[in-house]
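Heads up: the sequence lines are chains G and Z, in that order. Each number in the numbering used here comes from the position in the first sequence (counting from 1) with 94 added on. Each number in the numbering used here comes from the position in the second sequence (counting from 1) with 328 added on.
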Amino acid sequence: MKAKSIATLCTAVLLATGLTALPLQATAQSARPIIFEIEGKSEGNETVGYTLPEEKAAAGNAISLKVFLKSTYHYSLPVTVSMQADGHEYSWSQTAGTLKGYAYSAADAEEATEQTNLQWNKLGTLEIPYLFYGEIVLPFSALNYGAGAEISSVEAISLTATAAVNSNFASGDTWIVDGVSLYLFEANFATVEGGSVTIGEEIVDFTQLQPTALTHETSRGNCVGELQKATEEDVQVFRAFVNEYNSECEQMGDIKLIETFSLGSGFSSVGTERASAEFLKKFYRSGQIAGCEQVLEAGNGALAYHIDSGDYDAGKNSYAGLHFNFAKKEATDWSGAKGITVFVENTSSCLASFALEVFQYNLSTGLLEQYNLNDVGQKYKTAYAYNVETGEEFSYHTQTFLRVPANFKGWIRIPFSQYAAPAWSMAPAYGNEGVLDFDVNPVVKISMTRLFNVNLEMTLIIDNVGLYYSDFGVGSLFDDSVPSIRECVENGSVSV
Amino acid sequence: MKKIICVLFATAFAFSLTACNEPDPTPTPGGDGGTDETYESKLFDGMDAVFDESLGYYNEHPSVIQDGATRWLFYTRNTAKYEAKDSIAVRKGTFSSGTWTYGDPITCITPTGGKWDSASVYNADVVKGAFSYQGEDYSFLMAYSGSDRADRKDADIGFAVAKTPDSEWVKVGDEPIVTFTSSEWDSVGLTYYPGAIEPSLVSYDMQGKVYLFYEESEVFKSNYAYELDCSNLDSIVKGGRKIIERTGITDLGTSNPLLYGADYVYDSDSDFLFAIREGRTTATAEPKVADEVQVLRSSMDVLYTVDQGIAQGEPRVWWEKVGDTIDDEATADMSDPSKLFGYTRIFSPCIVGDAYGRMIEYGRMEVMFTTQANDGDPRLPADREDAYRFSQMIHTLEISY
């Protein structure tokens with residue numbers, strides 16, 4: 095058993111959120127973790143557990159679980175952490191509020207310095223955010239729904255992943271693929287005192303174990319998940335994701351690119367086939383037709399989003415949903431931006447469309463809020479376009495589904511003023527407050543949804559999604575008091 | 329109280345006065361063929377037309393500019409009686425003794441065989457400025473709809489130029505300026521596409537820069553303002569093409585309000601953009617056109633404002649109604665017992681502006697519009713089932729606000 099060290103506590107100011115940072119000292123990074131992967135699970139939970147060779151006396155007042163969430167079917171992965179202690183089964187569960195997490199700022203960082211609030215959802219499970227790499231600190235005082243428990247020794251520890259989507263997301267989508275991949279590094283005792291956390295004695299070091307040392311169960315049906323020992327390539331992928339997540343967004347003129355549909359430079363050390371697979375895993379899908387899929391092609395750093403007539407069931411009002419979270423933490427900060435912009439090519443000679451929906455994570459309610467162009471109070475929404483091939487700039491009306499003119503290739507801008515919470519999401523069951531506030535709340539997810547019947551066999555090439563920061567006009571032939579879209583893209587700058 | 333005043337009752341303001349030519353019961357020169365034809369009266373259910381022409385000739389889509397003491401009334405007219413052969417014609421208006429009188433029609437343009445406008449040309453609008461084309465300087469620019477279909481569907485918009493309104497008009501290029509391709513919008517099998525229609529020109533600088541307003545029948549119809557520098561028509565500089573927001577426009581029974589069939593003028597004093605438009609039709613019998621027209625205005629900012637950033641609350645209401653709606657009641661002639669009901673088809677209006685597409689006088693305006701007989705009206709010739717298609721007339725009223 096390797097030795098443990100205790101970090102000196104300090105506080106730092108974090109990013110724009112203003113959260114305080116409590117550094118936790120990490121253990122060695124060279125060993126390979128256990129990867130818990132679930133593909134194609136539509137219902138039921140799956141649990142991975144570890145029973146200690148012998149019970150271990152509690153060396154602190156909390157457990158800290160070090161994980162990395164590489165992929166999930168939504169913004170986060172709902173999990174329940176449990177332990178067998180003093181002959182009893184304990185689980186951490188709350189239906190509101192947050193739990194402290196501490197993220198590492200790099201794959202080889204020795205301290206977890208960035209405090210992150212991990213949300214308890216209304217079903218009592220804890221949401222691990224997409225690409226979270228850090229320590230989940232679980233105080234014994236939070237056991238028994240906050241009543242706390244005196245723990246003297248621990249015998250086993252387990253983590254249950256919610257495989258079927260029924261979290262507190264403001265969406266009633268039916269998910270087709272879950273695609274969970276959770277890296278398990280270690281679990282340690284920790285001491286929480288006031289606002290400080292100290293990592294203590296090791297409970298289990300997953301990097302030193304083989305998958306056979308762990309149990310794997312499901313609450314319903316058969317287990318479809320797998321426990322794997324990370325390969326060297328898996329570790330390279332992990333390092334690439336984490337370092338990409340903590341790098342800055344690229345800029346282009348007055349645009350901050352929040353999704354380039356390209357893997358970062360860190361993936362250059364990963365094989366092409368694996369890198370391509372990782373790119374596609376980033377996207378998770380939904381739709382009202384079971385089995386419908388979009389054809390995704392990674393090429394030239396763009397996303398080909400195709401609607402295949404073979405998946406179309408005319409008997410249903412069908413749509414295809416393609417969703418993604420942000421590969422960079424900075425991409426979640428939308429403060430100061432004036433709108434969203436997307437570079438898109440409609441390869442067909444007919445109008446195509448897709449909904450570009452944004453999901454604000456409401457920090458006060460802990461709920462994900464959906465916003466789009468579907469607004470009963472304003473039927474027509476205005477989009478602004480710059481065709482890079484013809485040079486034409488124009489504004490036009492659109493509705494829920496953003497219209498992309500035939501053969502168009504270029505930038506489309508949508509001011510945030512055109513976004514609203516759809517009426518259904520304002521129902522108490524979903525809890526959308528309907529107020530965009532990017533100075534307070536991050537945006538964590540984007541959905542691109544397409545109707546089948548009007549998009550059959552049409553492909554959209556989506557190259558970049560970004561935020562723009564400048565006022566602009568539609569061309570500047572008559573009025574040059576504000577720059578044109580082209581001028582913004584070519585000569586603008588990102589200034590908050 | 330209605331503020332509409334039939335210009336039959338002349339006021340002291342010359343610009344607003346219009347005389348209605350008396351019908352000529354004798355055989356008249358008809359069409360461009362110069363053959364004598366028997367005059368047939370159109371159906372007058374209300375006020376007289378600004379000029380009279382025999383049934384069998386449609387007179388529709390007026391567009392009027394007043395250049396000094398002269399008016400030019402452009403409109404769509406068929407060149408042969410009871411034959412749907414489009415032309416854009418112009419009549420010169422002169423003011424005398426408190427009355428505007430419009431002269432004989434002069435054909436400006438007709439369809440060009442083998443081209444995009446090979447079957448129809450219609451709905452023109454003209455603006456004065458400084459334009460050059462193929463080494464010649466011109467002072468008047470016309471925008472018009474055209475199609476290679478006789479039913480005028482799938483229309484595009486093209487340009488023509490002339491040195492004076494009644495001189496030769498030269499079409500600009502072989503291709504339209506605004507192209508509409510129905511297949512680009514037809515993802516769900518729609519078959520009815522009017523196309524790019526209702527062009528309306530307003531000068532930006534009294535030189536070569538113009539706004540080209542038009543309506544486009546996309547999946548749902550939209551109004552656009554296209555910024556164009558036409559100083560050199562051999563190389564038109566295309567600026568922004570801007571959607572015209574439609575908040576404030578209301579039509580009963582539809583969630584798709586629009587500036588249907590609109591004509592625009594700009595008032596530089598107030599910085600208002602005025603538009604006269606058709607009310608959404610409720611007609612169930614042919615012709616299925618509007619039964620009223622109305623004037624609206626908006627701040628010119630409607631063309632330039634981009635609501636950036638997060639906005640909570642209701643969107644800005646851009647358009648407000650000006651004056652009274654012109655409907656059947658407004659078009660009745662109470663002095664004539666046979667004309668008390670007014671017209672039930674009132675459409676394709678225009679505002680009489682100056683030569684640059686600007687308001688002549690703030691506070692009141694003269695407007696013109698088209699009326700048409702209904703299919704099956706027993707007063708139409710019994711031996712011509714399609715007579716109503718050739719019954720359009722142009723009338724005028726003044727709106728004060």
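Glycine included, each C-beta is placed from N, C-alpha and C at the ideal position.
For residue i, would you say it is in contact with chain G, using Cβ-to-Cβ distances shorter than 8 Å as the test?
| i | result |
| --- | --- |
| W647(Z) | no |
| S626(Z) | no |
| I638(Z) | yes |
| E526(Z) | no |
| Y386(Z) | no |
| V634(Z) | yes |
| V565(Z) | yes |
| G457(Z) | no |
| P643(Z) | yes |
| E543(Z) | no |
| D569(Z) | Per the sequence presented here, residue 569(Z) reads as Arg, with Asp not at that position. So, interface residue. |
| E503(Z) | no |
For a cutoff of 8 Å on Cβ pairs, would you count residue i as touching chain Z?
| i | result |
| --- | --- |
| D405(G) | no |
| E459(G) | The question names Glu, yet the displayed sequence has Thr at residue 459(G). Output row for T459(G): interface = no. |
| S587(G) | no |
| D402(G) | no |
| D573(G) | yes |
| V568(G) | yes |
| P577(G) | no |
| F495(G) | no |
| C444(G) | yes |
| G409(G) | no |
I'd like to know if residue i contacts chain C, where contact means its C-beta is closer than 8 Å to some C-beta of that chain.
| i | result |
| --- | --- |
| S363(G) | Among the protein chains in the structure shown, which are G and Z, there is no chain C. |
Leaving aside the five residues before and after residue i along the sequence, list all residues of the same chain whose C-beta is less than 7 Å from its C-beta, in chain order.
| i | result |
| --- | --- |
| F300(G) | P127, I128, L278, F279, E280 |
| F335(G) | K164, L225 |
| S666(Z) | none |
| Q512(G) | L467, K475, T476 |
| Q462(Z) | D562 |
| A517(G) | V470 |
| D482(Z) | S475, F508, S510, Y521, G523 |
Can you have a look at residue i and say buried or exposed, based on whether 16 or more other CB atoms are within 10 angstroms of its CB?
| i | result |
| --- | --- |
| A524(Z) | buried |
| D502(Z) | exposed |
| M346(G) | buried |
| V489(Z) | buried |
| V438(G) | buried |
| N260(G) | Any answer about N260(G) is weak, because its pLDDT of 46 lies below 50 and its placement is not dependable; what the coordinates show is given next. So N260(G) ends up on the exposed side. |
| Y455(G) | buried |
Could you pull out every residue in the same chain whose Cβ sits closer than 6 Å to the Cβ of residue i, ignoring the five residues on either side in sequence?
| i | result |
| --- | --- |
| G242(G) | S235 |
| A603(Z) | L587, A590, Y592, L624 |
| M470(Z) | A452, V454, A488 |
| S559(Z) | G536 |
| N526(G) | A264, E463, A515, S519, M520 |
Relative to the alpha-carbon of residue i, which residue among the options has its alpha-carbon at the smallest distance?
| i | options | result |
| --- | --- | --- |
| G154(G) | E296(G), F510(G), Q188(G), N337(G) | E296(G) |
| F379(Z) | G651(Z), G431(Z), K667(Z) | G431(Z) |
| N238(G) | A206(G), Q188(G), A255(G) | Q188(G) |
| F532(G) | S448(Z), A417(Z), T610(Z), A639(Z) | A639(Z) |
| T492(G) | I485(Z), V500(Z), I571(Z) | I571(Z) |
| Q322(G) | S275(G), K376(G), I245(G) | S275(G) |
| S341(G) | A425(G), Y399(G), N419(G), H310(G) | A425(G) |
Determine the extent of the beta strand (DSSP E) in which residue i is found, giving its start and end residues.
| i | result |
| --- | --- |
| F335(G) | Premise fails: F335(G) lies in the alpha helix (DSSP H), 326-339, not in any beta strand (DSSP E). |
| A618(Z) | Element bounds for A618(Z): n/a, residue is neither H nor E. |
| H389(Z) | 387-395 |
| N451(Z) | 448-461 |
| Y403(Z) | 398-408 |
| I508(G) | 503-509 |
Can you tell me where the alpha helix (DSSP H) with residue i in it begins and where it stops?
| i | result |
| --- | --- |
| T366(G) | 366-375 |
| R692(Z) | Where R692(Z) is concerned, there is no enclosing alpha helix (DSSP H), although the beta strand (DSSP E) it sits in stretches over 692-699. |
| V583(G) | 579-585 |
For the ligand SAM, I want to know if residue i counts as a neighbour, meaning its beta carbon is within less than 7 Å of at least one of the ligand's heavy atoms.
| i | result |
| --- | --- |
| S564(G) | Absence of the ligand SAM is noted for the structure shown, with no ligands found whatsoever. |
Apart from the five residues just before and just after residue i, which ones in its own chain have a Cβ nearer than 8 Å to its Cβ?
| i | result |
| --- | --- |
| A613(Z) | N702, D703, G704 |
| Y690(Z) | D595, D597, S598 |
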